[in-house]
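K.L.:
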Amino acid sequence: MTDFHQNFNLFFDGLEMPRQHRSRSEQMQLHSQMGEGEIRRFVPREDIEVVISDFTFHRNRKLLFGTQTAMVELNYCLQGKREIHVGGAQYEFVPGICSLQFMNEVDVEFQFNGNHPYLMLGIGIPVATFHHYMEEVGGTRSFDFFEIMGQRSFHMFQETIDPAASVILQRVLQSAQSYGTKNVEMECRVLELISMAFQSFLIDGDASNAKLPKRDWHKIREARDIIVERMTDPPTLIELSRMIGLNDCKLKKGFKELYGTTVFGYLRDKRLEKAYHLLQQGMLNVTETSCEVGYSNCSYFSEVFREKYGVNPGEFIRHSTSRRDSDNSIECQ
Numbered sequence: 001m002t003d004f005h006q007n008f009n010l011f012f013d014g015l016e017m018p019r020q021h022r023s024r025s026e027q028m029q030l031h032s033q034m035g036e037g038e039i040r041r042f043v044p045r046e047d048i049e050v051v052i053s054d055f056t057f058h059r060n061r062k063l064l065f066g067t068q069t070a071m072v073e074l075n076y077c078l079q080g081k082r083e084i085h086v087g088g089a090q091y092e093f094v095p096g097i098c099s100l101q102f103m104n105e106v107d108v109e110f111q112f113n114g115n116h117p118y119l120m121l122g123i124g125i126p127v128a129t130f131h132h133y134m135e136e137v138g139g140t141r142s143f144d145f146f147e148i149m150g151q152r153s154f155h156m157f158q159e160t161i162d163p164a165a166s167v168i169l170q171r172v173l174q175s176a177q178s179y180g181t182k183n184v185e186m187e188c189r190v191l192e193l194i195s196m197a198f199q200s201f202l203i204d205g206d207a208s209n210a211k212l213p214k215r216d217w218h219k220i221r222e223a224r225d226i227i228v229e230r231m232t233d234p235p236t237l238i239e240l241s242r243m244i245g246l247n248d249c250k251l252k253k254g255f256k257e258l259y260g261t262t263v264f265g266y267l268r269d270k271r272l273e274k275a276y277h278l279l280q281q282g283m284l285n286v287t288e289t290s291c292e293v294g295y296s297n298c299s300y301f302s303e304v305f306r307e308k309y310g311v312n313p314g315e316f317i318r319h320s321t322s323r324r325d326s327d328n329s330i331e332c333q
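Residue numbers are given in the UniProt record's numbering: position 209 of the sequence shown equals residue 209, and the series is strictly consecutive.
1) Ignore the nearest five residues each way along the sequence and tell me which others in residue 202's own chain have a CB closer than 6 Å to its CB.
2) Mapping DSSP to helix, strand and coil, what is residue 6?
3) When we look at the beta-carbon of residue 213 and count the other beta-carbons within 10 Å, is it buried (16 or more) or exposed?
4) Per DSSP, what kind of secondary structure is residue 312 in: helix, strand or coil?
5) Are residue 65 and residue 11 touching if we call contact CB-CB under 8 Å?
6) For residue 235, which of helix, strand or coil comes out of DSSP?
7) Measure the C-alpha to C-alpha separation of residue 313 and residue 285 and round it to an integer number of angstroms.
8) Report back the beta-carbon spacing between residue 15 and residue 79 to the nearest angstrom; my notes put them in contact at under 8 Å.
9) Between which two residues does the alpha helix (DSSP H) carrying residue 131 extend?
10) Thinking residue 172 and residue 223 are a contact (beta carbons under 8 Å), I'd like their distance in whole angstroms, please.
11) Ordered along the chain, which non-local residues of its own chain (more than five positions away) have a Cβ less than 8 Å from that of residue 159?
12) Could you check the C-alpha separation between residue 107 and residue 256 for me, to the nearest Å?
13) By Cβ distance, which residues of its chain are closer than 6 Å to residue 196, with the 5 residues on each side in sequence left out?
14) Among all the DSSP beta bridges, which residues are the ones paired with residue 98?
15) Skipping 5 residues on each side, what residues in its chain have a beta carbon closer than 7 Å to that of residue 5?
16) Where residue 117 and residue 111 are concerned, what is the direct C-alpha to C-alpha distance, given to the nearest angstrom?
17) Judging by CA-CA distance, which residue of 242, 20, 162 and 176 is the nearest neighbour of residue 76?
18) May I ask which residues mark the beginning and end of the beta strand (DSSP E) holding residue 51?
19) Just checking my contact of residue 219 with residue 245 at CB under 8 Å: how many whole Å lie between their CB atoms?
20) Enumerate in chain order the residues of its own chain whose CB-to-CB distance from residue 300 is below 7 Å, with the five nearest sequence positions on each side excluded.
21) Thinking just about the alpha-carbon of each residue, which of 35, 33, 29 and 34 is nearest to the one in residue 41?
22) Tell me the DSSP secondary structure of residue 38 in three-state form.
23) With a threshold of 16 other CB atoms inside 10 Å of the CB of residue 243, please say whether the residue is buried or exposed.
24) Note down the Cα distance separating residue 82 from residue 62, rounded to an integer number of angstroms.
And the structure:
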């Protein structure tokens with residue numbers, strides 16, 4: 001089960017990181033001749049590896065190595081654009097993107113730009129653990145690693161980092177800075193991220209798992225796109241049904257089956273996700289943000305935002321502003 005740690009060891013060795021353990025939590029410094037920064041490695045339990053990469057190279061750098069065992073990796077790019085080349089194909093990682101990668105034994109080439117700070121969080125698990133997570137209570141496995149891979153040696157899904165995941169990511173990064181962090185704390189937060197990613201990439205996006213006819217499935221996807229595009233002035237359920245050519249009963253039932261929530265429950269989540277990003281940017285105040293995402297009642301907007309993210313939007317703006325000021329201060333020193 002623990003062989004997958006060797007994939008990470010090869011990555012560390014390629015960066016000439018002076019690691020002390022094969023599969024233990026530790027902190028590794030980048031050699032001063034190569035750049036500055038560090039990698040923090042956490043192994044909260046034997047089948048989970050968490051890697052926080054925070055470094056800057058002096059010059060452009062390529063790293064080539066071959067993975068030695070199959071694994072699944074969840075990666076969050078928080079700062080710095082990078083590329084990887086796998087099997088003749090090129091993949092790009094940019095800030096704000098979450099990637100779910102399935103890999104077998106494969107050669108990988110990483111490309112890093114010099115004088116560009118990188119901040120990334122990676123979570124790796126072996127195939128056996130992935131299969132364990134994909135099993136239902138009755139023992140039925142909803143997703144199989146080898147079926148997802150097919151004849152490929154590498155397969156990747158990508159999407160924008162969900163605001164709810166951003167909150168957990170910040171907690172993980174804060175925990176990584178604390179010497180008193182226990183394995184149970186790190187494990188719980190990492191499992192939240194894994195659960196959210198699997199739900200988003202695999203379960204919500206799996207048409208084959210739905211009992212809907214393919215034609216209806218496409219219409220419901222169309223309905224989802226319409227309400228997201230028109231979130232400030234969404235159509236009624238009857239209007240939406242007519243727009244996609246599906247009766248409202250089928251729309252409600254199919255939407256719930258495909259996305260696990262109601263049409264307007266989904267709209268609510270997307271509105272709040274957009275509000276999160278707008279408030280984080282600090283360009284709009286709470287009232288302006290409320291209107292921008294379709295809430296005419298600012299008090300109600302504040303209530304649902306607090307319910308989802310655990311903080312009032314005004315407090316969230318102040319926290320985001322102080323964090324940006326702190327980051328700017330560090331850059332100027």
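Glycine included, each C-beta is placed from N, C-alpha and C at the ideal position.
P.N.:
Short version:
1) 143
2) Helix at residue 6.
3) exposed
4) Under the three-state reduction of DSSP, residue 312 is assigned to coil, being neither helix nor strand.
5) Yes.
6) coil
7) 9 Å
8) Contact doesn't hold; Cβ gap of about 17 Å is too wide.
9) 127-133
10) About 35 Å separates the CB atoms of residue 172 and residue 223; that is not less than 8 Å, and the two are not in contact.
11) 97, 98, 200 and 201
12) 41 Å
13) 165
14) 76 and 159
15) Closer than 7 Å at Cβ, skipping near neighbours: 22, 23 and 49.
16) 13 Å
17) 162
18) Start and end: 48-57.
19) Contact flag correct, Cβ pair sits at about 6 Å.
20) none
21) 29
22) strand
23) exposed
24) 10 Å
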